[in-house]
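S.K.: Numbering (the working numbering), first residue to last: 6 to 222.
One structure, as structure tokens, below. Some questions next.
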């Protein structure tokens, strides 16, 4: 989650207010400490991307709590479909931070009873949101990245969806996101920028399955 610092500054009787750009959570307290050393910062507040605001004391307590919960969450998803076998493969990669560590979760799965590549993409994203729930991600911004512009633009409402089957997936995904109180940022990319999830989806179609969850740094 990104943060901003807002502070009141006083010099020779003149008062003004400053606001930082977006910062990672880890940079907030060191910057506030440095500003405090100047002796001219009279007060400060911290604001997140959802416009929640805290005093410095409140943020110190919040920071300890946030360290224990998943944050800076990025989701990559992809789905593939073979018409000849009526088989789908879905691939999901989730990156997040917890207790100062960078985590990565990689999962793929083979599915049947789907009807198209677009439905496979929707199924992949739905399973990705379910995986977020399993990890314990809730009440935070989440970047959702995929190369299916159809899925992502239909979720943002930019493109209409006239297919009843896909509309059901839309409703299920939106309901799950709402229940977890996530703030999604949908990020359409080309296939080259989604190669990790794409590879997992293809491996699932070939019967090669992956399920890993580990610290990577």
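The beta-carbon is built from N, C-alpha and C at its ideal position, and this holds for glycine as well.
None of these values were measured; they are calculated from a predicted model.
Just the C-alpha distance for residue 47 and residue 200, rounded to the nearest angstrom, thanks.
M.R.: Taking the first residue of the chain shown as position 1, residue 47 is located at position 42. Taking the first residue of the chain shown as position 1, residue 200 is located at position 195. If I take the Cα positions, the gap works out to 49 angstroms.
S.K.: Would you mind sorting residue 203 into buried or exposed? The rule is 16 or more other CB atoms within 10 Å of its CB.
M.R.: By 1-based counting over the chain shown, the position of residue 203 is 198. The residue in question, residue 203, is buried, as its Cβ has 16 or more Cβ neighbours within 10 Å.
S.K.: Helix, strand or coil for residue 10 per DSSP?
M.R.: As a first step, residue 10 must be located in the chain shown, where it is residue number 5. Here residue 10 sits in strand by DSSP.
S.K.: Rounded to the nearest angstrom, what separates residue 165 and residue 195 at their Cα positions?
M.R.: Indexing the chain shown from 1 puts residue 165 at position 160. Indexing the chain shown from 1 puts residue 195 at position 190. Whole-angstrom Cα-Cα distance: 21 angstroms.
S.K.: With DSSP as the reference, label residue 221 as helix, strand or coil.
M.R.: Along the chain shown, one-based indexing puts residue 221 at 216. In this structure, residue 221 counts as coil in the three-state DSSP scheme.
S.K.: Taking 8 angstroms as the threshold, find out whether the region 108-119 comes into contact with the region 32-43 through three or more Cβ pairs.
M.R.: no
S.K.: On the three-state DSSP scale, how would you describe residue 185?
M.R.: Taking the chain shown and counting its residues from 1, one reaches residue 185 at position 180. Of the three classes helix, strand and coil, the one that applies to residue 185 here is coil, per DSSP.
S.K.: Any chance the region 137-153 sits against the region 175-190, with 3 or more Cβ pairs inside 8 angstroms?
M.R.: yes
S.K.: Quick one: using the 10 Å Cβ neighbour count with 16 as the cut-off for buried, is residue 27 buried or exposed?
M.R.: As a first step, residue 27 must be located in the chain shown, where it is residue number 22. With fewer than 16 other Cβ atoms within 10 Å, it is exposed.
S.K.: From residue 50 to residue 72, what distance separates their C-alpha atoms?
M.R.: Along the chain shown, one-based indexing puts residue 50 at 45. Along the chain shown, one-based indexing puts residue 72 at 67. The straight-line gap from Cα to Cα measures roughly 19 angstroms.
S.K.: When you measure from the CB of residue 107 to every non-hydrogen atom of the ligand PLP, does any distance come out below 7 angstroms?
M.R.: The ligand PLP is absent from the structure shown, which contains no ligand whatsoever.
S.K.: I need the straight-line Cα distance from residue 161 to residue 191, nearest angstrom please.
M.R.: As a working note, residue 161 is residue 156 in the chain shown. As a working note, residue 191 is residue 186 in the chain shown. So the alpha carbons of these two residues sit roughly 8 angstroms apart.
S.K.: Assign residue 213 to one of two classes, buried (16 or more other C-beta atoms within 10 Å of its C-beta) or exposed (fewer than that).
M.R.: Within the chain shown, residue 213 is the residue found at index 208, counting from 1. So residue 213 ends up on the exposed side.
S.K.: Near residue 7, what residues of its chain come up, given a Cβ to Cβ distance below 6 angstroms and the 5 sequence neighbours on each side ignored?
M.R.: Position 2 of the chain shown holds residue 7. Result list for residue 7: 27 and 54, in chain order.
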